[in-house]
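The structure appears below as structure tokens.
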Amino acid sequence: MTTTIQETFLELDWGDEEQARQARAARAAQLQEEGYMCTYQNLYTVYGYRVFLLEATKLESIEEPSSIPQSSSSKTKDRPVLRSRRNHLPSFEER
18 MTTTIQETFL ELDWGDEEQA RQARAARAAQ LQEEGYMCTY QNLYTVYGYR VFLLEATKLE
78 SIEEPSSIPQ SSSSKTKDRP VLRSRRNHLP SFEER
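Per my numbering: the sequence shown = residues 18 to 112.
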């Protein structure tokens, strides 16, 4: 399972470009400490103001198959599974 966080830091909200970049960098450092991989993008609004995007992705561990309980009967484990074959083609009638 993957967890993704996207946050934007607007130049207008922080007063200037440098403060917005620093806020994004501080948040990225915090997320990296929590195990996220961070990427940055510098975007612009239609009015020309900068928008600094932070995208953080964290891959959560998946249980390994060895931790799944297995049945105690070894007889069923070694026996092959037989499945019936059916013809799934449509049949047509000619007249």
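Glycine residues also receive a C-beta, built at the ideal position from the N, C-alpha and C atoms. Bear in mind that the values here come from a model prediction, so they are computed numbers and not experimental data.
Determine the burial state of residue i: buried for a count of at least 16 other Cβ atoms within 10 Å of its Cβ, exposed for fewer.
| i | result |
| --- | --- |
| Ala37 | buried |
| Thr21 | exposed |
| Ala46 | exposed |
| Asp33 | exposed |
Taking just the CA atoms, how far does residue j sit from residue i?
| i | j | result |
| --- | --- | --- |
| Gln49 | Leu29 | 26 Å |
| Glu72 | Tyr64 | 23 Å |
| Tyr17 | Trp31 | Examination of residue 17 is not possible in this model, given that the chain is present from 18 through 112 alone. |
| Glu35 | Arg67 | 11 Å |
| Arg44 | Tyr53 | 11 Å |
| Arg41 | Phe26 | 6 Å |
| Gln39 | Glu51 | 19 Å |
Per DSSP, residue i is paired with what?
| i | result |
| --- | --- |
| Tyr61 | Arg67 |
| Glu24 | Leu71 |
Between residue i and residue j, which are expected to be in contact by the criterion C-beta below 8 Å, what is the C-beta distance as a whole number of angstroms?
| i | j | result |
| --- | --- | --- |
| Gln23 | Leu70 | 7 Å |
| Thr19 | Thr62 | The pair is not a contact, with the Cβ atoms about 29 Å apart (cut-off 8 Å). |
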